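Asks:
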Amino acid sequence: MSSIQQNIEHITSQIHSAEQKCGRARDSVQLLAVSKTKPNQAILEAAHAGQRMFGENYVQEGVDKVQFFNHNHPDLTIEWHFIGPIQSNKTRHVAEHFAWVHTIDRAKTAQRLNDQRPEHMPALQVLLQVNTSGEASKSGLDTDQIFELAELISRLPNLKLRGLMSIPANVTDYNSQLAAFKQLAELKDQLSEKHPDLDTLSMGMSGDMEAAIEAGSTIVRIGTAIFGARDYANKN
Numbered sequence: 001m002s003s004i005q006q007n008i009e010h011i012t013s014q015i016h017s018a019e020q021k022c023g024r025a026r027d028s029v030q031l032l033a034v035s036k037t038k039p040n041q042a043i044l045e046a047a048h049a050g051q052r053m054f055g056e057n058y059v060q061e062g063v064d065k066v067q068f069f070n071h072n073h074p075d076l077t078i079e080w081h082f083i084g085p086i087q088s089n090k091t092r093h094v095a096e097h098f099a100w101v102h103t104i105d106r107a108k109t110a111q112r113l114n115d116q117r118p119e120h121m122p123a124l125q126v127l128l129q130v131n132t133s134g135e136a137s138k139s140g141l142d143t144d145q146i147f148e149l150a151e152l153i154s155r156l157p158n159l160k161l162r163g164l165m166s167i168p169a170n171v172t173d174y175n176s177q178l179a180a181f182k183q184l185a186e187l188k189d190q191l192s193e194k195h196p197d198l199d200t201l202s203m204g205m206s207g208d209m210e211a212a213i214e215a216g217s218t219i220v221r222i223g224t225a226i227f228g229a230r231d232y233a234n235k236n
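In this text, residue positions in the sequence shown follow the UniProt record's numbering: the first is 1, and each later residue adds one.
1. My understanding is that R230 touches T37, with C-beta atoms under 8 Å, so please give their C-beta distance in whole angstroms.
2. Name the DSSP bridge partner or partners of L161?
3. Round the Cβ separation of A107 and K160 to the nearest angstrom and send it over; I've been treating them as touching at under 8 Å.
4. Secondary structure at L152, three-state DSSP: helix, strand or coil?
5. In angstroms with no decimal places, state the Cα-to-Cα distance between D199 and V66.
6. Based on the DSSP secondary-structure assignment, which residues constitute the bridge partners of M53?
7. Determine the direct distance from the alpha carbon of F181 to that of I43, and round the result to whole angstroms.
8. What separation, rounded to the nearest whole angstrom, lies between the Cα atoms of S13 and L178?
9. Near I15, which residues of its chain fall below 6 Å by C-beta distance, leaving aside the five closest residues on each side in sequence?
10. Apart from the five residues on each side of it in sequence, which residues of its chain come closer than 8 Å, Cβ to Cβ, to R26?
11. Who are the Cβ neighbours of S154 in its own chain at under 7 Å, not counting the five residues just before and after it?
12. Would you mind sorting T132 into buried or exposed? The rule is 16 or more other CB atoms within 10 Å of its CB.
13. Tell me where the beta strand (DSSP E) around H102 begins and ends.
14. Name the residue from P39, E193 and S35 whose alpha carbon lies nearest to the alpha carbon of R52.
15. With 16 other CB atoms within 10 Å as the buried threshold, where does P157 fall?
16. Could you pull out every residue in the same chain whose Cβ sits closer than 7 Å to the Cβ of I78, ignoring the five residues on either side in sequence?
17. Measure from the alpha carbon of T103 to the alpha carbon of each residue in Q5, Q87 and R117, then state which is nearest.
18. Is A99 closer than 8 Å to Q125 when the C-beta atoms are compared?
19. Between which residues of its own chain and I226 is the CB-CB distance below 7 Å, once the five residues before and five after are set aside?
20. Whole angstroms are fine: how far does the CA of D64 sit from the CA of G216?
21. Report the rounded CA-to-CA distance for S192 versus H73, giving the unit in angstroms.
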């Protein structure tokens, strides 16, 4: 058994334990393997271990991986999520290659992704990124901007709004982590009054996964704990 497979099994066990602890249904939380800077071989090992959802932060690197697996491993049904910032000149690449985008925070980005989504592909599943911590250095919408952008996306035929995503402040105190995640969950509940199909909260990483799951996360984003330390010299 490879170390990647062992890591996936360990994290999956942690997720199931957290689900049980807070009374949630088993498998109500999905594991998104963050594969940025990781080689195709590592992703292939994870896929052979049963992992099918992968998250990429850098457009060209992610596109290269999507194309590699489509060409060399068409039997593997991999769902590719884009979870990094999107520059306007890169939206076409994202629209043409990914199934999900977690980081919508501007109307211009949403409109371009909609217009550039190929007709033969299903609607792009999207999340609004929210800056719950209020940090100027963090990407994401202020809470008062969410509802207007959600309304715009609801009118775009090639996008499907699924929920919210956040990267809260890096704190180690469990109660502080929980409070930040509950804030996002409450925003989703408010948004669901107008958009009842919302079903996704992308929140929680290795250090705050349990708090995220207690607060209602449906996707946790885990990278280093699966693949080991990242080598940013490989970033595109």
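Quick reminder that beta carbons are idealized off the backbone N, C-alpha and C, glycines included.
All values derive from a computational prediction rather than experimental measurement.
Replies: Let me lay it out:
1. A Cβ-Cβ distance of about 5 Å is found for the pair R230 and T37, placing them in contact under the 8 Å criterion.
2. V126
3. About 17 Å; that fails the 8 Å criterion.
4. helix
5. 26 Å
6. According to DSSP, M53 bridges with E79.
7. 29 Å
8. 21 Å
9. V29
10. H16, E19 and Q20
11. L161 and H195
12. buried
13. W100 to I104
14. S35
15. exposed
16. A47, R52, F54 and F69
17. Q87
18. yes
19. I4, N7, I8, I11, A33 and A46
20. 33 Å
21. The straight-line gap from Cα to Cα measures roughly 38 Å.
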